[in-house]
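**Student:** At position 463 of the sequence shown the residue is numbered 463 (full-length UniProt numbering), and the sequence of numbers has no breaks.
Every residue gets a Cβ at the ideal spot worked out from N, C-alpha and C, and that includes glycine.
Remember, predicted model here, so these are calculated numbers, not experimental data.
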Amino acid sequence: MKPACSYAATHAASLAHPAGFWAAQAAHLHWDKKSAEPLSQDENGFYRWFKGGELNTSFLCLDWQVAQGRAHQPALIYDSPVTRTQRTYTYAELLDMTARLAGGLRALGVEMGDRVIIYMPNMPEAVVAMLACARLGAVHSVVFGGFAPHELAVRIDDARPRVLICASGGMEFDRIIPYKPLVEEALAKATFQPAHVVVCQRDFVTAEMQPGRDIDYQELLQAAPVPAVSVPATHPLYILYTSGTTGRPKGVVRDHGGHAVALFFSMRTIYNLEPGEVIFTASDIGWAVGSSYIVYGPLLRGCTTILFEGKPVRTPDAGTFWRIIEQYKVSVMFTAPTAIRAIKKEDPDGLLAKQYDLSSLRHLFLAGERCDPATYAWAGRLLGVPVVDHWWQTESGWPMLATLTGLEGMPAPRAGSAGHPVPGYDIQILDEAGQPVPPGTTGLVAVKLPLPPGCFPTLWNDDARFHEAYLSTFPGYYLSGDGGYRDPEGYTYIMGRVDDVINVAGHRLSTGEIEEILAAHPAVAECAVLGIADQLRGQVPAGLVVLKDGQTIGEEQLEKELIAAVRTQIGALACFRAVLVVKRLPKTRSGKILRKTLRQLADGEDFALPATIDDPLILDEIRAGLQRRGIGLAFETL
1 MKPACSYAAT
11 HAASLAHPAG
21 FWAAQAAHLH
31 WDKKSAEPLS
41 QDENGFYRWF
51 KGGELNTSFL
61 CLDWQVAQGR
71 AHQPALIYDS
81 PVTRTQRTYT
91 YAELLDMTAR
101 LAGGLRALGV
111 EMGDRVIIYM
121 PNMPEAVVAM
131 LACARLGAVH
141 SVVFGGFAPH
151 ELAVRIDDAR
161 PRVLICASGG
171 MEFDRIIPYK
181 PLVEEALAKA
191 TFQPAHVVVC
201 QRDFVTAEMQ
211 PGRDIDYQEL
221 LQAAPVPAVS
231 VPATHPLYIL
241 YTSGTTGRPK
251 GVVRDHGGHA
261 VALFFSMRTI
271 YNLEPGEVIF
281 TASDIGWAVG
291 SSYIVYGPLL
301 RGCTTILFEG
311 KPVRTPDAGT
321 FWRIIEQYKV
331 SVMFTAPTAI
341 RAIKKEDPDG
351 LLAKQYDLSS
361 LRHLFLAGER
371 CDPATYAWAG
381 RLLGVPVVDH
391 WWQTESGWPM
401 LATLTGLEGM
411 PAPRAGSAGH
421 PVPGYDIQIL
431 DEAGQPVPPG
441 TTGLVAVKLP
451 LPPGCFPTLW
461 NDDARFHEAY
471 LSTFPGYYLS
481 GDGGYRDPEG
491 YTYIMGRVDD
501 VINVAGHRLS
511 TGEIEEILAA
521 HPAVAECAVL
531 GIADQLRGQV
541 PAGLVVLKDG
551 QTIGEEQLEK
561 ELIAAVRTQI
571 GALACFRAVL
581 VVKRLPKTRS
591 GKILRKTLRQ
601 LADGEDFALP
611 ATIDDPLILD
621 EIRAGLQRRG
631 IGLAFETL
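1. Could you have a look at serine 480 and say whether DSSP puts it in helix, strand or coil?
2. List the DSSP bridge partners of serine 6.
3. So tryptophan 322 is in the beta strand (DSSP E); what residue range does that whole segment cover?
4. Spell out the partners DSSP gives tryptophan 391 in its beta bridges.
5. For threonine 492, tell me which candidate among Val66, Leu401, Thr338 and Ala260 has the shortest Cα-Cα distance.
6. If you pair each beta-carbon of the region 352-360 with each one of the region 368-381, do three or more pairs fall below 8 Å?
7. In the DSSP output, which residue or residues are listed as bridge partners for glutamate 172?
8. Which class does glutamate 516 belong to by DSSP, given the choice of helix, strand or coil?
9. Rounding to the nearest angstrom, what Cα-Cα distance links glutamate 395 and glycine 554 in this structure?
10. Roughly how many angstroms separate the alpha carbons of glutamate 561 and leucine 609, rounded to a whole number?
11. Assuming residue 640 contacts valine 289 under a Cβ cut-off of 8 Å, what Cβ separation, rounded to an integer in Å, is found between them?
12. Which full runs of the beta strand (DSSP E) of 3+ residues lie inside the region 263-318, going along the chain?
13. Between threonine 269 and the rest of its own chain, which residues show a CB-CB distance below 6 Å, the 5 nearest in sequence each way excluded?
14. Arginine 70 to glutamate 125, Cα distance in whole Å?
15. Whose C-alpha, out of Tyr328, Ala107, Tyr356 and Ile429, is nearest the C-alpha of proline 74?
16. If you pair each beta-carbon of the region 302-319 with each one of the region 76-87, do three or more pairs fall below 8 Å?
17. Is isoleucine 631 helix, strand or coil by DSSP?
18. Under the rule that 16 or more other beta-carbon atoms within 10 Å means buried, what is asparagine 461, buried or exposed?
19. Pull the bridge partners of tyrosine 238 from the DSSP assignment, please.
20. According to DSSP, isoleucine 593 sits in a beta bridge with which residue or residues?
21. So, at 7 Å on beta carbons, what are the nonlocal neighbours of serine 40 in its own chain, with the 5 sequence-adjacent residues on each side left out?
22. Just to confirm, is the Cβ distance from proline 436 to proline 488 under 8 Å?
23. If the criterion is Cβ atoms closer than 8 Å, does the pair tyrosine 238 and proline 249 meet it?
24. Just reading off the beta strand (DSSP E) that valine 540 is part of, what are its end residues?
25. Who are the near neighbours of alanine 353 in its chain, counting only those whose CB is closer than 6 Å to its CB and skipping five residues on each side?
26. Who are the near neighbours of leucine 619 in its chain, counting only those whose CB is closer than 6 Å to its CB and skipping five residues on each side?
27. Looking at the strands, I want to know which residues DSSP matches up with glutamate 54.
28. With distances taken Cα to Cα, identify the nearest neighbour of valine 422 among Gly443, Asp389 and Ala433.
29. Starting from the C-beta of residue 640, find all residues in its chain whose C-beta is less than 6 Å away, skip the five residues before and the five after it, and write them out in chain order.
30. Can you tell me the Cβ-Cβ gap for lysine 631 and isoleucine 570, rounded? I've got them flagged as a contact below 8 Å.
31. Is threonine 191 closer than 8 Å to aspartate 157 when the C-beta atoms are compared?
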């Protein structure tokens, strides 16, 4: 596929004349009313995109695609090895379901500006619910199916939804998780009560219905279809909650206009996808990745998107992703590094991948957390295609650093680096005084304002918190909270959250740098390095490692080899002296390792169990292991 134009010229134009640049990108979409003011500021001084313009995201994803002749093209492929279900929906079918569900929701009183919480796993009905809300101008908020009742209650009270839509349950491996009891517990805890709960019954678990309040999802699908409502470009499309330092989640707001323009642009320039091509994003619709690149981005571009309900391993094996690539002729795959590490752990020699024809695949994109070079290299060798590690956040909604495969003159991907700034992003590495640092020096990653379209304009009902959390540290900049550096050739490296930099006797060390060394050991599948409190040195690093399947190396020998490797590559100043082998690492459901929680556990601090943790019991196992080894202040007197 021939790239359109050069990266350097495109990026330079986006920074020199942002309003004109993004107005030109907006012209690729259908607008009910074009904006005469592409870039403006509101009464708080916050930047807004396409004020005065009107459109509808659901219309662009469905009606417009049908009008372009894609009625019979597959829009959504649902593949669920956990429920043994495969189903393809054309653009025409998806449009009909969406328009009918929108009609059903309108009959329940849902109108423009109302909120709807969607508490469902990766299933087609959840995607239809998102698109139906957008069709009405209602604001949806997707919450993971199976999320803890307390966390769901907090989101109910913050969003104050008119309707809550849930599935009767979800399935993980061979375990059924009924959702309705969790919903009822959340509603009992919440102060605000939605008028209705819409329940999508699944074959393997039936939810009890409360007469008068609960409505069957299938009944709503019998409603007459309704057209899309034209909404202001600055109108909220959805709220996506992300964790906050105070324990109270932050409701990231995404708007209709800027979001549509940014995602359409990214599908062409970053992922280099044409209408009709297939993208497989192995994520959850409850994460920003799922919302942007399972649902909205692919449909805005007229692509075919795969909705996967399962895990990278044990559904049924570590070859599931490769089977999907072959079966559906996937052009681009997007997942988290932790998924690749899970596959690598169970199939270190990549034997399962050799059973499938992966010739359709052009690129593997990784995001969600930093990809260590060892995993990056393994995936590249296995698949024989470029691996692109790129960086973005819930707040940005689309990539900030990447290798843009749809632009010419783009430097090739490089292991350890998230690439170069995406057009629209003026990314700077600053010191604690807010001044740029020289190449090769680690600092704070910040983005000069204005942020491009697609990024969050504010937090839901909390402008003050938006300013305080993101804009107040360095006036004129968005502070990402991540640390990183840029090398002399312009490649940017994201080393993790700022609180993942540890101070060992006055030496500032990145835990990500030490993790690179541990991950390069042939026995290690994945790892996490913690900065643990030390009475003499302030902090010292300790490593938690997961072995590849079939490895028999002893913990003592592995520790000896890893300590020697760190000493050789960093030096004795790292004071790296402790390694604990664990069965698995505690992660969020998106695959991010809970390093802060691990550090608090080792330091004996009180901590709230993260709501997004995938397996809470693993913390008890790690606590026992740390105690056995005497690692951390909490155990040094034992």
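**Tutor:** The relevant details are as follows:
1. strand
2. According to DSSP, serine 6 bridges with Glu408.
3. Where tryptophan 322 is concerned, there is no enclosing beta strand (DSSP E), although the alpha helix (DSSP H) it sits in stretches over 320-328.
4. Looking at the DSSP assignment, tryptophan 391 forms a beta bridge with Leu401.
5. Leu401
6. No, they do not touch.
7. Arg175
8. helix
9. 43 Å
10. Each residue's Cα considered, the two are about 33 Å apart.
11. Examination of residue 640 is not possible in this model, given that the chain is present from 1 through 638 alone.
12. 278-281 and 304-308
13. Leu404, Gly406 and Leu407
14. Answer to the nearest angstrom: the Cα atoms are 21 Å apart.
15. Tyr328
16. yes
17. coil
18. exposed
19. Per DSSP, His140 and Arg254.
20. Lys587
21. Arg48 and Lys51
22. no
23. no
24. 538-547
25. Trp322 and Leu382
26. Pro586
27. Lys33 and Pro232
28. Asp389
29. Limits of the chain in this structure are 1 at one end and 638 at the other, which puts residue 640 out of reach.
30. The sequence as given places isoleucine at residue 631; lysine does not occur at that position. At roughly 19 Å, the Cβ-Cβ gap does not stay under 8 Å, so isoleucine 631 and isoleucine 570 are not in contact.
31. yes
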